[in-house]
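Mapping of the sequence shown onto numbering that gives the first Met the number 0: residues 0 to 468, in sequence order.
Note that CB positions come from ideal geometry on N, CA and C, so glycine has one too.
Working notes, structure below.
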Amino acid sequence: MYDFDLLVVGSGPGGQKAAIAAAKLGRRAAVVEKRDMLGGVCINTGTIPSKTLREAVLYLTGLNQRELYGQSYRVKEEITVGDLGMRTQHVIGREIQVIRSQLTRNRVTLLRGTGRFLDGHTIGVVDVEGEERKVTAEKIVIATGTSPARPDSVEFDERTVIDSDAILHLDRVPDTMVVVGAGVIGIEYASMFAALGTKVTVVERRERMLEFCDLEIVEALKYHLRDLAVTFRFGESVAAVERRGGGALTILESGKRIPADCVMYSAGRQGKTAELCLEAAGLAADTRGRITVDDHYRTEVPHIYAVGDVIGFPALAATSMEQGRLAAQHACGEPVADLHELQPIGIYTVPEISFVGRTEDELTRERVPFEVGVSRYRELARGQIIGDSYGMLKLLVSPEDRRLLGVHVFGTGATELVHIGQTVMGCGGTVDYLVNAVFNYPTLAESYKVAALDAMNKMRAIARLTGEG
Ligand SMILES: Cc1cc2nc3c(=O)[nH]c(=O)nc-3n(C[C@H](O)[C@H](O)[C@H](O)COP(=O)(O)OP(=O)(O)OC[C@H]3O[C@@H](n4cnc5c(N)ncnc54)[C@H](O)[C@@H]3O)c2cc1C
Numbered sequence: 000m001y002d003f004d005l006l007v008v009g010s011g012p013g014g015q016k017a018a019i020a021a022a023k024l025g026r027r028a029a030v031v032e033k034r035d036m037l038g039g040v041c042i043n044t045g046t047i048p049s050k051t052l053r054e055a056v057l058y059l060t061g062l063n064q065r066e067l068y069g070q071s072y073r074v075k076e077e078i079t080v081g082d083l084g085m086r087t088q089h090v091i092g093r094e095i096q097v098i099r100s101q102l103t104r105n106r107v108t109l110l111r112g113t114g115r116f117l118d119g120h121t122i123g124v125v126d127v128e129g130e131e132r133k134v135t136a137e138k139i140v141i142a143t144g145t146s147p148a149r150p151d152s153v154e155f156d157e158r159t160v161i162d163s164d165a166i167l168h169l170d171r172v173p174d175t176m177v178v179v180g181a182g183v184i185g186i187e188y189a190s191m192f193a194a195l196g197t198k199v200t201v202v203e204r205r206e207r208m209l210e211f212c213d214l215e216i217v218e219a220l221k222y223h224l225r226d227l228a229v230t231f232r233f234g235e236s237v238a239a240v241e242r243r244g245g246g247a248l249t250i251l252e253s254g255k256r257i258p259a260d261c262v263m264y265s266a267g268r269q270g271k272t273a274e275l276c277l278e279a280a281g282l283a284a285d286t287r288g289r290i291t292v293d294d295h296y297r298t299e300v301p302h303i304y305a306v307g308d309v310i311g312f313p314a315l316a317a318t319s320m321e322q323g324r325l326a327a328q329h330a331c332g333e334p335v336a337d338l339h340e341l342q343p344i345g346i347y348t349v350p351e352i353s354f355v356g357r358t359e360d361e362l363t364r365e366r367v368p369f370e371v372g373v374s375r376y377r378e379l380a381r382g383q384i385i386g387d388s389y390g391m392l393k394l395l396v397s398p399e400d401r402r403l404l405g406v407h408v409f410g411t412g413a414t415e416l417v418h419i420g421q422t423v424m425g426c427g428g429t430v431d432y433l434v435n436a437v438f439n440y441p442t443l444a445e446s447y448k449v450a451a452l453d454a455m456n457k458m459r460a461i462a463r464l465t466g467e468g
């Protein structure tokens, strides 16, 4: 009766995994995607270009080798946008090929164009010539993601006043830059450009940044960024941005004026729902373009699902993929597990941050007792070998049942290392497992054992004094 069993609008991580999961279950699946955007924001303008740029910056600046070879060590003296863009384009190209091949191998039909609802089961796909083709589907998954929010009061010109999409197309590495908004994206780019030698000023309305992270680790990050000549203006709002010949003047409400070659706005993101004609399907988005869903990613119209950034928090590629898979399984009538509550967070600043579970602040607010075990990379042989003296790993342990309540990592490999802690936590393991486990030597993973021993010793000290245990 329908052209497809499941049709997905948007080929980002959420959309891809939804379509492939349905195809694996033997359903006729299709993905609608605009020309030149296969792989979504993730591959084309967000995660992959930004993480590749970071890798290129770290390699070319030699930043991570300077503790060993001296502060003047560099792989390349004059780093151009060409040097940076070459690596980014290479990775984007390869990733698009991988996605295309995965869709083809799984017999997922790719429909090129912009999709919009004509009714609850019909999507009109408008190609670049403006021709509209109608396709019908029993179940539909909206995975249209987001685009950078642009305040009306600011005139963007893609060169001097830009958002996180345009930053990938700068014609030169700026000498000075203002980053408005110290969220994850803003602070990741601020740290990359600071590593390149750009003098960066970060303006943030709130008094703190990355409030959801461990405070001690955020302080360590701020210290490092200040060392790379980043200036923070917390508790300050932008009143106006004036473009002048060869740069822009950012005027703060406090009266401060900051000159810079370039101003990057990173002030949140807007759900991409305006083109979807949601009303034709009996749906509506909120003022931020977001769609509300239930625990199974169903919208108010039960055969229409929504996944990924378009449904809001946490708006990560990692989570979007899993939401897509779970939504498709539900749509296909398969038994579905809930999204695991232990979701890791990775922040690819320079140095990087990652954590899973609770923070000290949260536990203290909720009056949950915990003990802290810390390991510093400089005390590990691997830390010395790679020249990372600042990295640290922190375990939050329940003194009651010795389970891990949170794992927080700062420094080289943080986003990889966190998964050891996530696995122990997910399997209900205790700190005793880490104390007794043998880790490869010399590794950064060894920091788990060192931190576990530290927590254990602190708990033992309390037990000695109180006569418990
Ligand atoms: C600079 C930056 C860095 C990031 N870094 C990380 C990171 O390190 N780790 C991480 O996990 N996440 C990161 N993210 C977030 C991550 O990119 C998103 O969470 C993820 O891409 C969301 O996936 P999605 O499935 O919602 O779709 P998206 O990737 O947002 O893609 C949606 C797709 O839908 C298409 N589309 C929209 N409307 C229509 C329509 N009407 N018809 C047809 N197609 C349509 C768009 O063209 C787009 O290709 C980053 C994001 C940004 C911007």
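{"query": "Residues that DSSP places opposite residue 409 in a beta bridge", "result": "352 and 391"}
{"query": "Range covered by the beta strand (DSSP E) that runs through residue 198", "result": "198–203"}
{"query": "Validate contact between the stretch 84–103 and the stretch 392–408 using beta carbons, cut 8 angstroms, 3 pairs", "result": "no"}
{"query": "Check whether residue 70 and residue 386 have beta carbons under 8 angstroms apart", "result": "no"}
{"query": "N-terminal and C-terminal residue of the alpha helix (DSSP H) that residue 261 is part of", "result": "Premise fails: residue 261 lies in the beta strand (DSSP E), 261–264, not in any alpha helix (DSSP H)."}
{"query": "Buried or exposed (CB count within 10 angstroms, at least 16 for buried), residue 331", "result": "buried"}
{"query": "Beta carbon of residue 44 nearer than 8 angstroms to that of residue 167", "result": "yes"}
{"query": "Within-8 angstroms CB hit, residue 0 to chain D", "result": "Structure shown: chain D not included; a single protein chain is present."}
{"query": "Residue 241 versus residue 440 - alpha carbon distance", "result": "55 angstroms"}
{"query": "Opening and closing residue of the beta strand (DSSP E) in which residue 247 lies", "result": "246–251"}
{"query": "Near ligand 1: residue 270 beta-carbon under 7 angstroms from a heavy atom", "result": "no"}
{"query": "Residue 160, buried or exposed, once every other Cβ within 10 Å from all chains shown has been counted against 16", "result": "buried"}
{"query": "Limits of the unbroken alpha helix (DSSP H) element including residue 190", "result": "183–195"}
{"query": "Local Cβ density within 10 Å of residue 263, reported as buried at 16 or more and exposed below that", "result": "buried"}
{"query": "Residue 72 versus residue 410: straight-line alpha-carbon distance, rounded", "result": "20 angstroms"}
{"query": "The stretch 146–164 touching the stretch 12–22, judged by at least three CB pairs closer than 8 angstroms", "result": "no"}
{"query": "Closer than 7 angstroms: residue 314 CB and nearest ligand 1 heavy atom", "result": "yes"}
{"query": "CB contact flag (residue 402, residue 429, <8 angstroms)", "result": "yes"}
{"query": "Integer-rounded CB distance, given that residue 28 should sit under 8 angstroms from residue 107", "result": "5 angstroms"}
{"query": "Inside the stretch 306–362 only - alpha helix (DSSP H) runs reaching at least 4 residues", "result": "316–330"}
{"query": "Rounded separation between residue 138 and residue 120 - CA only", "result": "7 angstroms"}
{"query": "Residue range of the unbroken beta strand (DSSP E) whose run includes residue 458", "result": "Element bounds for residue 458: not the beta strand (DSSP E) but the alpha helix (DSSP H), 446–465."}
{"query": "N-terminal and C-terminal residue of the alpha helix (DSSP H) that residue 298 is part of", "result": "Careful: residue 298 lies outside any alpha helix (DSSP H) and carries neither H nor E."}
{"query": "C-alpha gap between residue 148 and residue 396, whole angstroms", "result": "39 angstroms"}
{"query": "Whole-number beta carbon distance between residue 228 and residue 198, since they are thought to touch under 8 angstroms", "result": "5 angstroms"}
{"query": "Near ligand 1: residue 31 beta-carbon under 7 angstroms from a heavy atom", "result": "yes"}
{"query": "Whether residue 421 touches residue 341 by CB criterion (8 angstroms)", "result": "yes"}
{"query": "Proximity of residue 450 and residue 372 at Cβ, strictly below 8 angstroms", "result": "yes"}
{"query": "Beta carbon of residue 7 nearer than 8 angstroms to that of residue 18", "result": "yes"}
{"query": "Buried or exposed by the 16-neighbour rule on C-beta atoms within 10 Å, applied to residue 0", "result": "exposed"}
{"query": "Neighbourhood of residue 351 by C-beta distance below 6 angstroms, restricted to the same chain and skipping five residues each side", "result": "413 and 414"}
{"query": "Reduced DSSP category for residue 126 - H, G, I as helix; E, B as strand; rest coil", "result": "coil"}
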